[in-house]
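Peer 1: Below: one structure in structure tokens.
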Amino acid sequence: MQTKYDYQKMLKSTGLKPTKNRLSILEILGENQVPLTVGDIHSLLARRCRINQVTVYRVLDLLDKYGLVERLSTSSKAAHYALTHPNKHAAHPHFYCKSCGQLDCLSPESIELDAMNLERNFPGKVERIEVRVDGICKKCLKDQGAAL
Ligand SMILES: [Zn+2]
Ligand SMILES: [Zn+2]
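Residues in the sequence shown are numbered consecutively from 1027, following the numbering used here.
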């Protein structure tokens, strides 16, 4: 699911100024295949520029408000962020590992989700669909097996 995005254009299309912080955060989310926590984003950013975690929070909040990033909830307190998919019908479920806290993207086909049908039949307006599967990832299962 690697797509090349034009971050300048994305920001401009929402009327936001393409500041360095906003661009770098979008870039980091675009370069990573999986949704990241604020902590992850901050430590990746800290390698390139000086930025504090509060700024990262603020920028993510703003980008979320303008629909450029998606805030994904997990059963832990740390929310994960990912770039919003340009086509909302490409909505896909996520897998959350309760052991290591990693959030992974699942293919849209992994769970039957008929978003088009829902939108046709639902009397209100569907803005966003979020499906999260919780469990233990393959790596953690293996580690647990080795520790027993
Ligand atoms: Zn895990
Ligand atoms: Zn995803």
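Yeah, the Cβ is synthetic: ideal placement off N, Cα and C, and Gly gets one too.
Roughly how far, in whole angstroms, is the beta-carbon of residue 1137 from the beta-carbon of residue 1152, given that I think they are within contact range, below 8 Å?
Peer 2: Actually they do not touch by this definition, with Cβ atoms about 17 Å apart.
Peer 1: Following the continuous alpha helix (DSSP H) through residue 1083, name the residue where it begins and the one where it ends.
Peer 2: 1079-1091
Peer 1: By how many angstroms is the C-alpha of residue 1065 removed from the C-alpha of residue 1166?
Peer 2: 21 Å
Peer 1: Taking the straight line between their C-alpha atoms, what separation do you get for residue 1122 and residue 1128?
Peer 2: 6 Å
Peer 1: Quick check: residue 1119 and residue 1159, are their CB atoms within less than 8 Å of each other?
Peer 2: yes
Peer 1: Nearest by alpha-carbon distance to residue 1036: which of 1171, 1149, 1092 is it?
Peer 2: 1092
Peer 1: From what residue to what residue does the beta strand (DSSP E) around residue 1064 run?
Peer 2: Annotation: residue 1064 is outside any beta strand (DSSP E); the continuous alpha helix (DSSP H) that includes it extends over 1064-1072.
Peer 1: Report the three-state DSSP secondary structure of residue 1033 (helix, strand or coil).
Peer 2: helix
Peer 1: Ligand 2 heavy atoms versus the CB of residue 1134: any closer than 7 Å?
Peer 2: no
Peer 1: At a cut-off of 7 Å, is residue 1108 close to ligand 2 when judged by its beta-carbon and the heavy atoms of the ligand?
Peer 2: yes
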